[in-house]
Each structure stands twice: as structure tokens, then as C-alpha cells.
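K.L.:
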Amino acid sequence: MDAAVVAENVTKQYGDTVAVDDVSLSVPAGTVFGLIGPNGAGKTSLVRCLTGTTDSTGEVSLLGSEPTHVERARIGLLPQSFSPPERLTVRELLGYYANLYDEARDVDSVLSEVGLDDAADTWYEELSGGQQRRACVGITLVNDPDVLFLDEPTTGIDPTGRRDLWTLIEDLTAEGTTVFLTSHSMDEVERLADQVAMLADGRVIAEGTPSALVAEHGGDSRLVVRTEASADRLADTEFRVEASAGRLTFHGVDATRIDDAVDALTTAGIEYESFTWTEPTLEDVYLELTGRAFRGGPASGSAGEQTSAPQPDAEPAEVER
Ligand SMILES: Nc1ncnc2c1ncn2[C@@H]1O[C@H](COP(=O)(O)OP(=O)(O)OP(=O)(O)O)[C@@H](O)[C@H]1O
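Residue numbers for the sequence shown, in the numbering used here: 113 to 433.
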């Protein structure tokens, strides 16, 4: 598969601040590349280097050319902060941007894709924050770009709208669009990205598929049991069990071993109120790698039903006794 975006040893400095530090990456065409990292890690600066909207050192290839030489119609860029003209209706706004290109998509189709059909005749300034963000996403789609850079696309968008946008991004990549996604939403990146790079202090500190990163850095699956019992009665169990206020945490409990852990509780005669099974997610990877993990509590994030296979989107399963 051809690479749509390639960076080799890209560095960007603002005065003494090294915002992007010797970054190399490659994004195959038709895939989603997720860029994550704490505030100030250099994500927006890197996007600017890749799109040729700032100068940098190193090599960047965008659709096989230097970024500034790529036909603008082939690129879509949704910056983190974007303020289009406010005294236009949404339809007028998309039409305005569509007119900047020789060939553009049908504005009403784009409006529909971003869920703004009903707000088409509303002034941009009268939209809610989430609707405004949807309109901005729509603006990036009017030229039917081959590569789409989305910097925090779903900020302010409600959960249903976020999922609609995720589906839209999946549809776009299915048709061959390459998406470079910057996000603080780990569930968004985990759901969408084929490849993820984590940036810290301008450098890529981890890169891989979401599942590979979770396997390497996410920690183990565990069963958290709400009980006042101590761990002493579980001395013989094969699981590593940690006790903390009002709960026992069984480590290394994958989906097929939940029953074994519950059996161990029963065998030990331990009374419990409920238990929750959690498995590591990209959020755990993020917390681990940024060193901000909250130690001692159950990992937050996705989990499956007690007996089902892990489901990336499912809520934690709390099972009452
Ligand atoms: N125009 C600028 N002039 C000077 N310094 C800048 C400029 N833009 C960014 N920086 C600095 O570069 C570093 C990286 O900033 P950048 O905005 O790329 O981070 P980010 O990962 O996108 O952050 P966030 O998640 O908060 O959006 C920060 O130290 C920031 O202060």
C-alpha cells in the first residue's frame, strides 16, 4: 500500500521551544492514523509540518510531493481552532468553501453527512458549539479530499454525533480517504485508528496498532470485587489478588477466566456485593506512558459482559450478587 503521508526526521522549533523533535512516521493510504499525547506534546505543530502550514526541518512527503506543492483540493484540514465567517447560514458557508474549488461535492449531501440537514438555514453563529464543529467538519469535506487532517474533530459534539462522525470517517476510509486524526479521546482513537503514535515532548514515544499498544503497555485484565473481606482467605488462589478499601482486585483475569475467579471467591467463602471486570484500553496505555496512572484503583475503560468476548465499546459490567 502506498504511503499518503511520510515524515522523516521532522523537527519544528519556535525559538528555543522544540515542539516537534525528530519525528518519523508513515501513513498508508486509506488508513486512519491516530496521533495522541498530552497538551503541548507537539501534535498540532506536527500536523502543521505535515500540511506545509509551517516551516520545519526534515523531510515530509504528502501524496508523494512536498506539502506546499500538493494541489489544495486533495487535502482537507480541520484545525483545532477554526472560526469560519459567522453571518452565513450553514448551507451558505459550505457553498462558500465549495466555490473555492473547481470541483466540489454537493453541499446538501455534505450537510446530511455531518447531521446538519435541519440546521442548513441557520446562521453559523446561532448554532450550538457541537453543531458548529460539525459544520467545520463539513467544510473539510466539500472538496472530497484524498487526505484529511482532523485535529480534535469531535470536541463539543454529543455522544450520538460523535458516533455518527466516527461512522462517517470509517466510510471515508473505506472509499480510500486517508485520515490523520489528532484526539484526546482515547475511545475515538481506539475505535478508528489503524495505527497510533504517542507524542510526548515532541517525540514519538510509542507507535503501533491500538491492540499492540494495549497488549504492551495497557496492563492486565482484572476482576474488581466489592467486599469487606481481606485477601488472606485467597492465599491459595492462582490469581494475584490485591486488597484495597472495600475491594479485592484479581489480576490477570481474561474473559475466559472470570468464572474461575468467582469460583475462588466461593471456595474461600467470601461474601461480596458485586464485581466488575475490566480490560485494559488505550486510555490505560496513555496513562501508563504519560506516567499519570492512578494506581490502586480499577482501570477505567471498556469491558464486556461477564461471559462475553471483550467489546471495545461496551460499558463496564457490574454484576450484582
Ligand atoms: N506559534 C507558536 N509559537 C511559539 N510556541 C508555540 C507555538 N505553537 C506551539 N508552540 C509551543 O509548541 C509546543 C507544542 O505545542 P502544540 O500546540 O503543537 O501541542 P499540542 O500537542 O497540539 O497541544 P494541545 O493538546 O494542547 O493542543 C508547546 O510548548 C507550545 O507552547
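Think of the CB as a built atom: it goes at the ideal place given N, C-alpha and C, for glycine as much as any other residue.
1) So, using beta-carbon positions, are glutamate 383 and threonine 321 closer together than 8 angstroms?
2) Mind checking tyrosine 398: buried by the 16 CB within 10 Å criterion, or exposed?
3) Grouping DSSP H, G and I as helix and E and B as strand, with all else coil, what is tyrosine 213?
4) Pull up the distance between the alpha-carbon of alanine 357 and that of valine 159, whole angstroms please.
5) Report yes if the C-beta distance between leucine 253 and valine 222 is below 8 angstroms; otherwise report no.
6) DSSP three-state call for isoleucine 148: helix, strand or coil?
7) Does aspartate 372 come out as helix, strand or coil in the three-state DSSP assignment?
8) Can you round the beta-carbon distance between glycine 142 and glycine 288 to whole angstroms, since I take them to be within the 8 angstroms contact cut?
9) Once the 5 residues before and after glycine 314 are set aside, which same chain residues still bring their CB inside 6 angstroms of it?
10) Short of 8 angstroms in beta carbon distance, which residues of its chain neighbour proline 206, apart from the five on each side in sequence? Order them along the chain.
11) Is it true that the stretch 303-318 meets the stretch 160-172, where meeting means three or more beta-carbon pairs spaced less than 8 angstroms apart?
12) By how many angstroms is the C-alpha of glutamate 300 removed from the C-alpha of tryptophan 278?
13) Going by beta carbon distance, what residues of the same chain come within less than 7 angstroms of valine 144, once the five residues before and after it are set aside?
14) Quick check: does the Cβ of aspartate 131 come within less than 7 angstroms of any heavy atom belonging to ligand 1?
15) Which residues does DSSP pair with glycine 320 in a beta bridge?
16) When burial is assigned at 16 or more other CB atoms within 10 Å of the CB, is phenylalanine 406 buried or exposed?
17) Indicate the three-state DSSP secondary structure (helix, strand or coil) for valine 159 in the structure shown.
18) Determine contact between the stretch 331-346 and the stretch 178-190, defined as no fewer than three beta-carbon pairs at a distance below 8 angstroms.
19) Given this structure, state the Cα-to-Cα distance separating leucine 346 from serine 295, to the nearest angstrom.
20) Which one of Pro196, Asp214 and Glu171 has the shortest CA to CA distance from arginine 184?
21) Buried or exposed: which applies to leucine 260, given that a residue is buried once 16 or more other Cβ atoms fall within 10 Å of its Cβ?
22) Given a cut-off of 8 angstroms, decide if alanine 367 and glycine 353 are closer than it, judged by their beta-carbon atoms.
23) According to DSSP, which residues form a beta bridge with isoleucine 187?
24) Spatial neighbours of glycine 127 within its chain, please: C-beta separation below 6 angstroms, excluding the five flanking residues on both sides.
25) Quick check on proline 197: buried or exposed, where buried means 16 or more other Cβ atoms within 10 Å of its Cβ?
26) So which of Ser136, Leu239 and Asp276 has the shortest CA-CA distance to glycine 170?
27) Can you tell me which of Asp371, Glu391, Arg369 and Leu311 puts its alpha carbon nearest to the alpha carbon of glycine 331?
28) Work out the CA separation of threonine 388 and threonine 349 for me, nearest whole Å.
29) Using the C-alpha atoms, what's the distance from serine 240 back to glycine 273?
30) Pull the bridge partners of serine 173 from the DSSP assignment, please.
31) Per the DSSP calculation, arginine 359 is bridged to which residue(s)?
32) Could you confirm whether any beta carbon from chain D is found closer than 8 angstroms to the beta carbon of tyrosine 209?
33) Rounded to the nearest angstrom, how far is the Cβ of aspartate 263 from that of leucine 190, given a contact under 8 angstroms?
34) With a 10 Å radius around its C-beta and 16 neighbouring C-beta atoms as the bar for buried, classify arginine 199 as buried or exposed.
P.N.:
On the basis of the data shown:
1) What you label residue 383 is simply residue 271 of the sequence shown in a count that begins at 1. What you label residue 321 is simply residue 209 of the sequence shown in a count that begins at 1. Taking 8 angstroms as the cut-off, the Cβ atoms of glutamate 383 and threonine 321 do not count as close.
2) Against the sequence shown, residue 398 aligns to sequence position 286. Looking at its Cβ environment, which holds 16 or more other Cβ atoms inside 10 Å, tyrosine 398 is buried.
3) As a working mapping, residue 213 is identified with position 101 in the sequence shown. Three-state result, tyrosine 213: coil.
4) By one-based count along the sequence shown, residue 357 stands at place 245. By one-based count along the sequence shown, residue 159 stands at place 47. Alanine 357 and valine 159: Cα-Cα distance of roughly 45 angstroms.
5) Numbered from 1 along the sequence shown, position 141 holds the residue referred to as residue 253. Numbered from 1 along the sequence shown, position 110 holds the residue referred to as residue 222. Yes, they are a contact pair.
6) Counted from its first residue, the sequence shown places residue 148 at position 36. Of the three classes helix, strand and coil, the one that applies to isoleucine 148 here is strand, per DSSP.
7) If you number the sequence shown from 1, residue 372 lands on position 260. Of the three classes helix, strand and coil, the one that applies to aspartate 372 here is helix, per DSSP.
8) One-based indexing of the sequence shown puts residue 142 at position 30. One-based indexing of the sequence shown puts residue 288 at position 176. Right, the Cβ-Cβ distance comes to about 5 angstroms (below 8 angstroms), so this counts as a contact.
9) Numbered from 1 along the sequence shown, position 202 holds the residue referred to as residue 314. Only Val130, Ala131, Val132, Asp133 and Gly154 meet the Cβ criterion.
10) Indexing the sequence shown from 1 puts residue 206 at position 94. Residue identity check: residue 206 is leucine in the sequence provided, not proline. The answer, listed in chain order, is Val219, Val222, Leu223, Ala247, Gly250, Ile251 and Val254.
11) no
12) As a first step, residue 278 must be located in the sequence shown, where it is residue number 166. As a first step, residue 300 must be located in the sequence shown, where it is residue number 188. For tryptophan 278 and glutamate 300, the distance between alpha carbons rounds to 8 angstroms.
13) As a working note, residue 144 is residue 32 in the sequence shown. Contacts found: Ile281, Thr285, Val291, Leu293, Leu304, Ala305 and Asp306.
14) In the sequence shown, counting from the first residue as 1, residue 131 sits at position 19. Strictly speaking, residue 131 in this sequence is alanine, with aspartate absent from that position. Checking every heavy atom of ligand 1 against the Cβ of alanine 131, one is found closer than 7 angstroms.
15) Working through the sequence shown from its first residue, we reach residue 320 at position 208. DSSP output for glycine 320 lists Val308 as bridge partner(s).
16) In the sequence shown, residue 406 corresponds to position 294, counting from 1. Below a pLDDT of 50, predicted positions are generally treated as unreliable, and phenylalanine 406, at 41, falls in that range; the measurement from the model is reported next regardless. With fewer than 16 Cβ atoms within 10 Å of its Cβ, phenylalanine 406 is classed as exposed.
17) Stepping through the sequence shown from its first residue, residue 159 is reached at position 47. It is helical.
18) no
19) Your numbering for residue 346 matches position 234 in the sequence shown. Your numbering for residue 295 matches position 183 in the sequence shown. If I take the Cα positions, the gap works out to 42 angstroms.
20) Indexing the sequence shown from 1 puts residue 184 at position 72. Taking only the C-alpha atoms, the option nearest arginine 184 is Asp214.
21) Stepping through the sequence shown from its first residue, residue 260 is reached at position 148. Classified as buried, leucine 260 has 16 or more neighbouring CB atoms from the shown chains inside 10 Å of its CB.
22) Stepping through the sequence shown from its first residue, residue 353 is reached at position 241. Stepping through the sequence shown from its first residue, residue 367 is reached at position 255. The identity of residue 353 in the sequence shown is valine, whereas the question assumes glycine. Contact: no.
23) Indexing the sequence shown from 1 puts residue 187 at position 75. Val259, per the DSSP bridge assignment.
24) The residue you call residue 127 lines up with position 15 of the sequence shown. Nothing listed; no residue qualifies.
25) Counting from 1 along the sequence shown, the entry for residue 197 is found at position 85. Exposed.
26) By one-based count along the sequence shown, residue 170 stands at place 58. Minimum Cα distance to glycine 170 is reached at Ser136.
27) Stepping through the sequence shown from its first residue, residue 331 is reached at position 219. The candidate whose alpha carbon is nearest that of glycine 331 is Glu391.
28) If you number the sequence shown from 1, residue 349 lands on position 237. If you number the sequence shown from 1, residue 388 lands on position 276. Spanning the two alpha carbons is a distance of roughly 19 angstroms.
29) As a working mapping, residue 273 is identified with position 161 in the sequence shown. As a working mapping, residue 240 is identified with position 128 in the sequence shown. Near 13 angstroms, if we compare the C-alpha coordinates of serine 240 and glycine 273.
30) Within the sequence shown, the letter at position 61 stands for residue 173. Answer by DSSP bridge pairing, in chain order: Val118.
31) For this step, residue 359 is matched to residue 247 along the sequence shown. The partner list for arginine 359 (beta bridge, DSSP) reads Arg338 and Ser356.
32) No chain D appears in the structure shown, which is made up of a single protein chain.
33) Residue 263 sits at position 151 when you count from the first residue of the sequence shown. Residue 190 sits at position 78 when you count from the first residue of the sequence shown. Contact holds; Cβ gap of about 6 angstroms.
34) Locating residue 199 in the sequence shown gives position 87, where the first residue counts as 1. Classification of arginine 199: exposed, given that the 10 Å Cβ count is below 16.
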